[in-house]
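Data block below; observations after.
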Amino acid sequence: MATTSQEEFTLDTAAELAAEEGGAQIQGKSPWVLAGRRLRRNYVALTFLGVFFLIVICCLLAPLYVSQVSHVGQNDVRTGATIVEHGKKVNVISQGGTKIVNGVPKIVFGGVPIGPQWGAAGGKYILGADELGRDIATRLLYGGRNSLFIGVTASAICTTLAVILALLSGYFGGIVDWIISRFFDLIWAFPVVLLGIALGTALSVNGFHHFGINISGSNLAIPIAVISFVFIPYIGRPLRGQVLALRNREFVEAATAQGAGSIRIMFSELLPNIASSVLVLFTLIVANCILTEVGLSFLGAGVHLPNPSWGTMIQEGSNKLSTAPGLSLFPGIAIALTVLSLNVFGDGLRDALDPRAKIRIEHG
Amino acid sequence: MGAYLIRRIFGMLLVLLVVSFIVYLIFIVIPGGDPAERIAGKVATPGNVAAIRHKLGLDKSFIVQWFDLVKALFTAKLVSYSNQTNVVSQIRQGLPATFSLAIGAAIIWFGFGVLVGTISAVTAGRLSDRAITGLALIGISLPVAWLGLLLRYFLAGEGGGVSWFPDGQYVSLTQNPAQWFYHLILPWFTLAVLFIGFYGRVLRSNILDTINEDFVRTAKAKGLSTRRILVKHVLRASLIPIVTLFGLDFASVLGGGAIITETVYNLHGVGWYAAQSIQSEDLPPLMGVTLFGAMFIVVFSLLVDIFYAYLDPRIRLS
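Sequence lines, in order, name chains S and Y.
Just so you know, our numbering puts 35 at position 35 of the first sequence, and the rest follows in order with no gaps.
Heads up: take any position in the second sequence, counting from 1, add 364, and you land on our numbering.
Now the structure itself:
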């Protein structure tokens, strides 16, 4: 990678790439291959991509963790359970009463869950328990499955819709463009989190029962739909601008002269030209969708209990900070690591593909 | 300018009308089922339900209901389903906390954002730039709710560290200015961190783009000092796009968008009020706050456009 400030925002040319890779043959390679070569030398971005996949794999292996390590299911309530720690029996939830420590009686409060055991309890309660005796580590993995699933699915839906709208808007122009642009403006006029909780709450009251679709109020489809909806203009707007700029280029005219139809021009001529931006925006929007899921679930308008998600776990722990800090703190670390890895990789991807793409989103 | 303003204000009112219609769709149409039955509770007689339906105007047509909603909001007559309190007066009660949080946090995030972005761009490629770029990336990756809880746990005596700061709550400015400031320090920083990271990143790339412009070379050729070029020429041009971002972000936070920060720190502001009604599925407060937030964004986007033309005379308002 170029390191001086002047060169930083220019892509390595084919010749530079060839020189840095020991004169490897570069002529006749597609832009995707060149971008891949640039990315290959960005070790920071690749390391963080590895971190992201590691987190995903860990979360996917949650059932294995339950059957082999923790032996406590994600929603198993174990208020009266005991574990063996250094050969002593310990209550998972403290019973309360007095206890003699070094000859001095000490009051022990009841209802306080056990803290992180790390390896001491043979794989149980590695990260401690919550106030119902549920295993935090297990819930963290299952919660991660929900959070990641919502984040990735919502981003995929959002990106697909935004790409279609941007292509229609930029290609047809005129009244179509006007309607789609006003639609973007309207969503844009609401604060993201407020619109999210408004839709999330309204939908979870009775679920969604219109147009022959029936979804119950606690279905994961609701946060997915809400999150994918609120982010449409954040992807749609920059892409519309790009399509608009490409619309009058010669290759589009050439396609029209050859007799290509609208669909063909939009999807085989215009789409490949914005594909690199779409990929970059998608990576960054996944990070933002995960953060939004956390925010909505924290406020009670996302994933509904008892299903764990990283957001609901933070919420559950928020009023037990002094007795069970792990309940909130561990999921937060998981989220921060996941989102950071996506952001770093997204930055690297942008440097390799498309240094001009910018995206911004707010979370309150 | 006059004609432009009138046209924009007219357009703004139109947008607000459509926004209110969307809010109506979200809260009355989407939930499905019968709102009257929901409000009447589980042991209601059919007569009760009918009475509620009539009282809330739910037996009227679609358009009349929407009109009634807008009227109820503007005449401050919208009441909560669950405890019959007036939504508009509740929002008004939340304003001091929300405005205190928003204004303080905005000053912090704008100031630090500009500082951090400038240092980073000026020292591009060096250690300080790398450190700032890395920290900014971390800043935009932290969930706000978690950051708030983390600060409360370690700094506000929630068990894990020192208790240098009070644990949430809002103290009125008129009641005790010192306590007002003291209680708001943690919420301000919690809310500002994400924006500092984001503004720093945007400003850094703007400055690096601007440095290569012709007018900067001209200024250099004239023999101006580096500091003067940076402040008067580069920074001024680079800040223009930031103004748009700032206007809209500030509007969103003023309008109750800092709902997570307000909830974590138990600041009884507009966002907190909205969050309270999520659990009880009490829709009118959410309706009111959503419209309130959208109103701020719509008004501020007009202000931003006007200010933009003032900052950059090349832009013509038309």
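C-beta atoms are modelled at their ideal positions from N, C-alpha and C, and glycine is treated no differently.
Quiz item: Which residue comes first and which comes last in the alpha helix (DSSP H) that contains MET266/S?
Solution: What you label residue 266/S is simply residue 266 of the first sequence in a count that begins at 1. That residue, MET266/S, is in no alpha helix (DSSP H); it is neither H nor E in DSSP.
Quiz prompt | Which of helix, strand or coil DSSP assigns to VAL340/Y | solution = Any answer about residue 340/Y is impossible in this case: the structure gives chain Y only from 365 up to 682.
Quiz item: Any residues in the segment 324–351 of chain S with a beta carbon nearer than 9 Å to a beta carbon of chain Y? Which ones, in chain order?
Solution: PRO325, SER328, LEU329, PRO331, GLY332, ILE333, ILE335, ALA336, LEU337, THR338, VAL339, LEU340, SER341, LEU342, ASN343, VAL344 and ASP347
Quiz item: If you count every other CB in all the chains shown that lies within 10 Å of the CB of SER536/Y, and 16 or more means buried, which is it?
Solution: Counting from one through the second sequence, the residue named residue 536/Y turns up at place 172. By the neighbour-count rule (16 or more Cβ atoms within 10 Å), SER536/Y is not buried but exposed.
Self-check item: Contact with chain Y by THR201/S, beta-carbon distance below 8 Å
Solution: Numbered from 1 along the first sequence, position 201 holds the residue referred to as residue 201/S. Answer yes: the Cβ-Cβ gap between THR201/S and chain Y drops below 8 Å somewhere.
Quiz prompt | Close beta carbons around LEU511/Y, own chain, < 8 Å, minus the five adjacent residues each side | solution = Taking the second sequence and counting its residues from 1, the one referred to as residue 511/Y is at position 147. These residues qualify, in order along the chain: THR554 and VAL557.
Exercise. Could you check if SER43/S is buried or exposed, using at least 16 other CB atoms within 10 Å of its CB as the buried criterion?
Key: By 1-based counting over the first sequence, the position of residue 43/S is 43. Just to set this straight, residue 43/S is Tyr in the shown sequence, not Ser. Counting Cβ neighbours within 10 Å, TYR43/S comes out exposed, since fewer than 16 surround it.
Practice problem: Figure out for me which residue from ILE235/S, VAL286/S, ARG182/S and VAL205/S has the closest Cα to the Cα of ILE224/S. | Solution: As a first step, residue 224/S must be located in the first sequence, where it is residue number 224. Of ILE235/S, VAL286/S, ARG182/S and VAL205/S, the residue nearest in Cα terms is VAL286/S.
Practice problem: Determine the direct distance from the alpha carbon of ASN146/S to that of ALA154/S, and round the result to whole angstroms. | Solution: Translated into the one-based positions of the first sequence, residue 154/S becomes position 154. Translated into the one-based positions of the first sequence, residue 146/S becomes position 146. Going from the Cα of ALA154/S to the Cα of ASN146/S covers about 12 Å.
Quiz prompt | Contacts around GLU577/Y, its chain only, beta-carbon distance under 7 Å, and the 5 residues preceding and following it disregarded | solution = As a first step, residue 577/Y is located in the second sequence; it is residue number 213 there, counting from the start. Same-chain partners within the cutoff: there are none.
Exercise. Step through the CB atoms of chain S and report whether any lies within less than 8 Å of the CB of PRO507/Y.
Key: Position 143 of the second sequence, counted from the first residue, corresponds to residue 507/Y. PRO507/Y counts as touching chain S.
Quiz item: If you draw a straight line from the alpha carbon of GLY326/S to that of LEU515/Y, how long is it in whole angstroms?
Solution: Position 326 of the first sequence holds residue 326/S. Position 151 of the second sequence holds residue 515/Y. Each residue's alpha carbon lies about 14 Å from the other.
Practice problem: Check the Cβ-Cβ distances between PHE298/S and every residue of chain Y, and say whether any is below 8 Å. | Solution: The residue given as residue 298/S occupies position 298 in the first sequence. Output row for PHE298/S: interface = yes.
Practice problem: Enumerate in chain order the residues of its own chain whose CB-to-CB distance from VAL226/S is below 6 Å, with the five nearest sequence positions on each side excluded. | Solution: Here residue 226/S is taken as the residue at index 226 of the first sequence, counted from 1. Cβ neighbours of VAL226/S beyond the five flanking positions: GLY196, LEU199 and GLY200.
Quiz prompt | For GLN454/Y, the first and last residue of its enclosing alpha helix (DSSP H) | solution = For the purposes of this step, residue 454/Y is identified with residue 90 of the second sequence, where counting begins at 1. Residues 451–486.
Self-check item: Straight-line gap, VAL595/Y to SER277/S (C-alpha atoms, nearest Å)
Solution: Numbered from 1 along the second sequence, position 231 holds the residue referred to as residue 595/Y. Numbered from 1 along the first sequence, position 277 holds the residue referred to as residue 277/S. Each residue's Cα considered, the two are about 33 Å apart.
Self-check item: Backbone CA spacing between VAL51/S and ALA336/S [nearest angstrom]
Solution: As a working mapping, residue 51/S is identified with position 51 in the first sequence. As a working mapping, residue 336/S is identified with position 336 in the first sequence. C-alpha separation (whole angstroms): 12 Å.
Exercise. Determine, using beta-carbon pairs with one atom in the segment 603–617 of chain Y and one in the segment 641–648 of chain Y, whether at least three such pairs fall under 8 Å.
Key: no
Practice problem: Using a Cβ cut-off of 8 Å (strictly closer), state whether VAL193/S contacts chain Y. | Solution: Taking the first sequence and counting its residues from 1, one reaches residue 193/S at position 193. Yes, VAL193/S counts as interfacial toward chain Y.
Practice problem: Please check if any C-beta of chain S sits within less than 8 Å of the C-beta of PHE391/Y. | Solution: The residue you call residue 391/Y lines up with position 27 of the second sequence. Interface residue, yes.
Self-check item: Proximity test, Cβ basis, 8 Å: GLY620/Y and chain S
Solution: Your numbering for residue 620/Y matches position 256 in the second sequence. Answer yes: the Cβ-Cβ gap between GLY620/Y and chain S drops below 8 Å somewhere.
Quiz item: Just how far apart, CA to CA, sit PHE391/Y and TRP528/Y?
Solution: As a first step, residue 391/Y is located in the second sequence; it is residue number 27 there, counting from the start. As a first step, residue 528/Y is located in the second sequence; it is residue number 164 there, counting from the start. PHE391/Y and TRP528/Y: Cα-Cα distance of roughly 43 Å.
Quiz item: Mapping DSSP to helix, strand and coil, what is VAL33/S?
Solution: One-based indexing of the first sequence puts residue 33/S at position 33. It is helical.
Quiz item: By Cβ distance, which residues of its chain are closer than 6 Å to LEU433/Y, with the 5 residues on each side in sequence left out?
Solution: By 1-based counting over the second sequence, the position of residue 433/Y is 69. For LEU433/Y, where only same-chain residues beyond five positions count, the Cβ hits under 6 Å are TYR388.
Quiz item: Taking the C-alpha atoms as reference points, what is the distance between GLY36/S and LEU349/S?
Solution: On the first sequence, residue 36/S is found 36 positions in, with the first residue counted as 1. On the first sequence, residue 349/S is found 349 positions in, with the first residue counted as 1. The alpha-carbon atoms of GLY36/S and LEU349/S are separated by roughly 9 Å.
Practice problem: For SER453/Y, go through chain S and note every residue whose CB falls closer than 8 Å to its CB, in chain order. | Solution: As a working mapping, residue 453/Y is identified with position 89 in the second sequence. Those do not exist, as SER453/Y stays about 20 Å from chain S at its closest Cβ, beyond 8 Å.
Quiz item: Can you find a C-beta in chain Y that's less than 8 Å from the C-beta of LEU246/S?
Solution: Numbered from its first residue, the first sequence carries residue 246/S at position 246. No, LEU246/S does not count as interfacial toward chain Y.
Quiz item: Taking one C-beta from the segment 259–270 of chain S and one from the segment 163–174 of chain S each time, how about it: are there three or more such pairs within less than 8 Å?
Solution: yes
Quiz item: With 16 other CB atoms within 10 Å as the buried threshold, where does VAL584/Y fall?
Solution: As a first step, residue 584/Y is located in the second sequence; it is residue number 220 there, counting from the start. For the sequence presented, residue 584/Y should be read as Lys rather than Val. Counting Cβ neighbours within 10 Å, LYS584/Y comes out exposed, since fewer than 16 surround it.
Quiz prompt | Interface positions of the segment 299–317 of chain S facing chain C (Cβ-Cβ less than 7 Å), listed along the chain | solution = Among the protein chains in the structure shown, which are S and Y, there is no chain C.
Quiz item: In whole angstroms, what separates the C-alpha of PHE463/Y from that of ASP493/Y?
Solution: By one-based count along the second sequence, residue 463/Y stands at place 99. By one-based count along the second sequence, residue 493/Y stands at place 129. Roughly 33 Å between the two C-alpha positions.
Quiz item: Quick one: which chain Y residues come within Cβ less than 9 Å of GLY295/S?
Solution: Position 295 of the first sequence, counting from 1, holds the residue named residue 295/S. What GLY295/S touches in chain Y: PRO507, VAL508, ALA509, ILE623 and ILE624.
Quiz item: Under 8 Å between the Cβ atoms of ILE274/S and LEU244/S?
Solution: Residue 274/S sits at position 274 when you count from the first residue of the first sequence. Residue 244/S sits at position 244 when you count from the first residue of the first sequence. In this structure, LEU244/S does not lie closer than 8 Å to ILE274/S by Cβ.
Quiz item: What span of residues does the alpha helix (DSSP H) with ASP613/Y cover, start to end?
Solution: In the second sequence, residue 613/Y corresponds to position 249, counting from 1. Unbroken alpha helix (DSSP H) run through ASP613/Y: 600–616.
Exercise. Check whether the segment 306–322 of chain S touches the segment 484–502 of chain Y, taking contact to mean three or more Cβ pairs, one atom from each stretch, closer than 8 Å.
Key: no
Self-check item: Beta-carbon proximity check, TYR314/Y vs THR608/Y, cutoff 8 Å
Solution: Nothing can be reported for residue 314/Y: it is not among the residues displayed for chain Y, which extend from 365 to 682.
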